[in-house]
Every structure is written in C-alpha cells, then in structure tokens.
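Below is one structure; the comments refer to it alone.
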Amino acid sequence: MKNARMHELVKTLNRYAYEYYTLDNPTVSDAQYDKLYDELVALEKELGTVLHDSPSRRVGGEIIKEFKQHKHASRLYSLDKCNSFDELREWDAKIKKAVGEVCYTLEYKLDGLTLCLTYDDGKLVTAATRGDGSVGEDVTEQVKTIKSVPLSIPYSEFLEVQGEGIMTVSALNAYNEKAKNNGTELLKNARNGVAGAIRNLNPKVTASRNLDVIFYNVNTVSDEEKLTSQQQYVEFLTKNLFKTIPPFVSSDIEQIIEKISKVDRQSLDFVIDGMVIKVNDQNARKKLGYTEKFPKWAIAYKFEAEETSTLLKDVLWQVGRTGKVTPIAVLEAVELCGATVRRATLNNYSDVLRKKLKKGSTVFVRRSNDVIPEVLGIAQEGDGVEIEKPVVCPSCGQPLHEEGPLLFCSNEYGCKPQICGRIEHFVSKDCMDIEGLSEKTIEQAYEILGVRTCADLYSLTQDDLLKLPGFKDKKPKKIIDAIEKSKTVDLPHFINALGIRNVGKKTAQDLAAEFGSLEKLSHADKEQLLKIDEVGEIVAQDIIEFFAKHADVVEKFRSIGIDPQIKESGDKFKGLKFVLTGSLQNFTRSQASAIIESEGGSVQSSVTKETDFVVAGEEAGSKLEKAKKLGKKILDEKAFLDMINS
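Counted from 1, the sequence shown has number 329 at position 329 by my numbering; the numbering is strictly sequential.
This is how it looks when you write it as structure tokens:
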C-alpha cells in the first residue's frame, strides 16, 4: 500500500509541477503541493527508496568530483549567421533555387547554454552540454534540479532532444536582490548565470538559480514517429511535457523579416541575441544537406553585436557614496549596440586579477539590454602594464581599508565624491524626490556654498542659490520649494534616502512596514531585523552600524521638520498584481506604478501565473501575447482609468 501511495504521489506532484513550471497554469496552492511533497519525503525515508522521477531529486544531490564526457547520439551543428535582411533575402533565394517553394519557421535565438537530453523507457537518462557537437560534458545531476525539465515522459522509445538552458531576467533579478541583501556576489548577466550554474560541480548551486530549459529540436527519435517538419518536432516535444515556444510559420521571407523587425527584446523575460529561421519540411532539409559546420536549411539572423573586443587603455578608480572604491576600465572607443563605448565596469581588484587584465591588453566587452558595458576578460595579452591595487583614496588621499574583495575610503565627511554621491542619492526620485538638484548643481553647492551633508540642503536660501553659475529668475525658488515639499516624505522613501549600505527601495519598504517609525528602526536589534524575510546577517549589521554611527540622525531631521510616517494607502487594488506594457498616454510608467502601489497593489516586471491584470498601452509587445496565452485580464488605458476612478 505504501509503495503504491509513493507512486501515486510522484505522479500527482509531477503533474502539478508541469502545470506550474511549464504551462504557467497552477491548479493547486503552494500549501497543498507542500503537504503532498512532505508526505512523499516521509515515505521515501521510511521505505528507503526514491523513484527515478521523484520531485525530491530536484533539490540537488552531493557535489560531484568532475564532469564525465558524453557522446551525443546525433551531431549537434552550429548555425550559419547573417547580420542584415539583404543577406537573409539572399539565403532565401538560394534555398528556393535549390528546392523550390518552401515554408519557414521563425524562433527566438536564446542566449543561454545548449543542452542535449536523452530519454529511454520514458525516463531521463543523461543531460549533456553541446561541447564540440559530438562530445559534451555529462551534467545530468545539475539538469535534474531544473523544475521545468521532465524526469519522465510518455514516450517510451529512445529519444534525444535539444534545448537551451536559460536563466530568465526575472529569475536573475530575484537572485541578485537576494544576493545583495545577503552580501554575496551578484551574477553579472543571465547567460553567465546559467552557464555557471550548469557547469558547477555542486548541483545545489544549480538548484538555487531557478533555471529553465526551452526545447526546440528532436535529434533522435524512432522512425515510426513520422515527424516530417519543425512544427511537428515542437508539437511532439510539447506533447511529451517539454517546455517549448511555438514557432511563427510563413513561406514569405518578407513576412519573416517584418516579424523579426518587430521583436521587442526589452519586453521578453529571457535574453535573445537573434532569431533562427529554419526550413520547415524535413524532406527539403534532406535535399539541402549540411556543410562541414552548418545545416544549409537553417540560419540565424543576429541582432546588433552585444560583445566585441577593444584596447584597455587604463584603469581609473572611482569613489562611490558608501566609500567603496571601484575600478573603471578606460577603453579605446568602440561601437556596441548602437552606442560608442569608452568606459566599462569592473567589479573589484580581484576581478582585475581573475581576468588577467593589463593596461594595453585587448579585452572582450559586453553590453546587454542597454546596461552599463562590462569587461568580460582578456582577448589578447600583449605586452601590457600591470594594474596596481590602490592603497590611498584617489580623491582625498586617505588610506584605504579592505573588506573581503572590496576597497573602502573611511573619510566619510572629508571625501568629496562620497559627500556629493550621498546628496545625489538623497534627492533622487526614489528617495526625497527634490527636482532641480542635478549632479553638477550639487558639486557647485559643495564647492561654492559649503554644503557637506544632506541636512545642509534645508538651510539653503534663494540668495545662496543665486551665487551659483547659471542660476537666475525662477530657478532658485523652484528648488527651494522642492526642498520644502520634500519634508512631507513618507517613511519608506526616507529610509531609502538615508543611504544605508545594502538597503535599497524594496528593503526600505519592508523596514518601514515592520517598524512603522524611524525612531523604532534606529533602535532595532539584530533579532528584530532578521525577522524580515529579505534581511540577512550582513544587511542587519549594516543597519545597526549605520544608526550607531549616526545616532543623532533622527533628531537632526526632526529639527528640520522631517518626521516621516507610513502614509495610509487605499485598498482598491489590495493584493492585486499588475503588469504594465506598451506606451500609456495619460501616465508615465512610474506614475502608473505609483498609483497602483498607493492603492495597495504591486507592479511586476513580467507576466506570470500570479499576475491579475495586464495594462496594455500602444505598441504592447510579447507581454501582451503571454497574457493572452495565460488567459489574464487585459485592460486598455481607458479601462485602467475607469478602475482608478471607480
């Protein structure tokens, strides 16, 4: 009876997981799932056995010693590439000249790690990286932790399938938010996140990153299946519980080009670096054949380069508002993603050493989704000059101290970049929201007016501001009015404005909700702080040290007239989750978000199974399509306004 119950639980839990992780359509609550899962784990412990496809195998097993080689059943080819629509038209002409009229499929070119999985008797046997196309590395234990990968499937013959391991943008953001709060190292980008997780000898690391695999190809299958097109491959994969994205299909290359030109990469929850065009029909593929490296029947249209190489001319050291001293790479100018890049970020001195960087060396630079460019590593060493670790602050000349891999200047009240940086943060939109105080104006106030603290802003007069270059007419009054208006700030924004190390907008909201006043927060002990989900040991210590060092901060701002409170919010949208997509005519994105949050709702960056409403403006992209697919409630701007005003 117990053995039968175990089989029943595994089958039920796997069905629930498939509905949750693959279909984005959960049918039970987390509490119901957890109750059944706990029952299964208890049975496994009692019976001393774990079934092949038990969900308990997904938590990550023991650290393995090394990756073994795995030979693929079928060779995995690379894809030929083109960078312009004219090249794509030329490819289309060659195809039609060779085999006549054909139909094409169009798919996303996911920027992750290619994986090849084999199944036999309906069970996952191995998972391997692409390697050289013939032999890869066995990463079965790592891939088992990915919850959207089926451990068992209905198809019982030998099967080899291909997919792309990815880390979604939302998973990356969630991971980095948690890492930031725990003081651990952040992931640079989604591609590094998945590659580092899959090729990590500890499967628990893989499990911690909430990865996905999107499947798109059937490499080896029984002849009896009669799969004759790319569409049928994807349908077969979907039927056998694999996560897929249905392709766009057309025989008109101009329709394909139009579809590519409308792809909105920013709206996707995963990173792509191009689109893949394939001949749909299998017979036509056989006629076209292969080159030594590529199938002639497929091509990748590559978007603008996000990675290139250039000369590392120098490394400068930049001081931030917390005193952290960070290296900045000075590069020989290079075009990347439609912008001229002259500088790029480096994390710390350990990063410089690990990447073996030298002044005068050629380096790889990456710019993805309009984020700050970063130096990935060395491309060619050359005869470069060693980069030395600074021992004094590049701004004030005071000695630096080390905290792990990071360098800090302790001259909090005498180091200009720290002072100006704190004031810039203080006046920003997510903090006190004081308009008119630009970076340049703050530097002028430092140099000419002697402003040294955020509190000094509240003693400025219009006559003071008229002493600054370019200040005349109504500008000083507008700034003084904005400073005065900021005194009505609410508690979450004020906590964020204080600039406590490792405390951002979200943590500030959590702290405000938990303690209700600045007075209570300033006297909180570690035990009280650790009750908040996203506050770990390091963040708790940072908060305690901040208030110990600035014991007078509460009284100082109260004397100015600032005593922030939790503002009462409406409950019109209480508990509801919104996604905003497209251009709105009556609001900016931030204004719409503020309205939703003021009424007790929350705004998500992407459409998920938990989303309640999608507000779709003009030119809404893939978020709208996903919302339709998941059956979510979609509001145009008028309907959204009606909800607000109802």
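Don't be surprised by glycine CBs; every beta carbon is placed ideally from N, CA and C. Only a predicted model underlies this, so the values are computations on that prediction, with no experimental measurement involved.
- In this structure residue 29 is exposed. Its beta-carbon is surrounded by fewer than 16 other beta-carbon atoms within 10 angstroms.
- Proximity to residue 583 across 112, 497, 623, 512 peaks at 623, based on C-alpha coordinates.
- Contact annotation, residue 487 with residue 562: C-beta distance approximately 5 Å; criterion of less than 8 Å satisfied.
- Unbroken alpha helix (DSSP H) runs of no fewer than 4 residues, entirely contained in the region 67 to 131, are found at 85 to 99, following chain order.
- The C-beta separation of residue 355 from residue 378 comes to about 6 Å, placing the pair in contact by the 8 Å criterion.
- In this structure, residue 22 sits near residue 148, with a CB-CB distance shorter than 8 Å.
- Cβ-Cβ distances below 7 Å link residue 120 to 158 in the same chain, with the five nearest sequence neighbours on each side left out; the list follows chain order.
- By the C-beta criterion, the region 457 to 468 is judged not to be in contact with the region 389 to 400, since fewer than 3 inter-stretch pairs fall below 8 Å.
- Between the C-alpha atoms of residue 498 and residue 376 there is a straight-line separation of about 33 Å.
- In this chain, residue 275 is not harboured by any alpha helix (DSSP H); it is covered by the beta strand (DSSP E) spanning 272 to 279.
- Here the alpha carbon of residue 469 sits roughly 12 Å from the alpha carbon of residue 475.
- Rounded to the nearest angstrom, the Cβ distance from residue 632 to residue 607 is 6 Å, consistent with a contact under 8 Å.
- Cβ neighbours of residue 162 within its own chain (closer than 6 Å, five residues either side excluded): 116, 217, 219.
- Residue 425 counts as buried, since at least 16 other C-beta atoms from the protein chains shown sit within 10 angstroms of its C-beta.
- Remark: C-beta atoms of residue 300 and residue 549 do not approach each other more closely than 8 Å.
- The C-alpha of residue 15 is placed about 32 Å away from the C-alpha of residue 187.
- Closest in alpha carbon position to residue 222, among 236, 213, 480, 599, is 236.
- In this structure residue 620 is buried. Its beta-carbon is surrounded by 16 or more other beta-carbon atoms within 10 angstroms.
- The beta carbons of residue 135 and residue 67 sit about 11 Å from each other, so the pair does not count as a contact at 8 Å.
- Residue 303: not part of any alpha helix (DSSP H); DSSP gives it neither H nor E.
- In this structure, the CA atom of residue 427 is about 33 Å from the CA atom of residue 389.
- The region 232 to 247 makes no contact with the region 80 to 96: fewer than 3 CB pairs, one atom from each, lie closer than 8 Å.
- Residue 54 and residue 203 have their C-alpha atoms spaced approximately 16 Å apart.
- In this structure, the CA atom of residue 102 is about 8 Å from the CA atom of residue 284.
- Taking residue 52 as the centre and dropping the five residues before and after it, the same chain places the C-beta of 123 closer than 6 Å to its C-beta, in chain order.
- Taking the Cα of residue 173 as reference, the smallest distance to any Cα among 164, 191, 160, 156 is reached at 191.
- In the displayed model, residue 581 falls within a strand according to three-state DSSP.
- Relative to residue 233, the option among 312, 281, 263, 417 whose CA is nearest is 281.
- The region 496 to 510 and the region 533 to 550 touch, with three or more beta-carbon pairs separated by less than 8 Å.
- Taking C-beta atoms under 8 Å as the contact rule, residue 535 and residue 507 qualify, at a distance of about 7 Å.
- Here residue 359 is not near residue 319, since their CB atoms are 8 Å or more apart.
- Residue 618 has its alpha-carbon roughly 20 Å from the corresponding atom of residue 269.
- Exposed is the label assigned to residue 558, since fewer than 16 other Cβ atoms lie within 10 Å of its Cβ.
- About 11 Å separates the beta carbon of residue 196 from that of residue 175, a gap too long to meet the 8 Å contact definition.
- Counted as a single uninterrupted DSSP element, the alpha helix (DSSP H) harbouring residue 559 occupies residues 553 to 560.
- Leaving aside the five residues that flank residue 79 on each side, the residues in its chain whose CB is nearer than 7 Å to its CB run, in chain order, 276, 294, 298, 299, 300.
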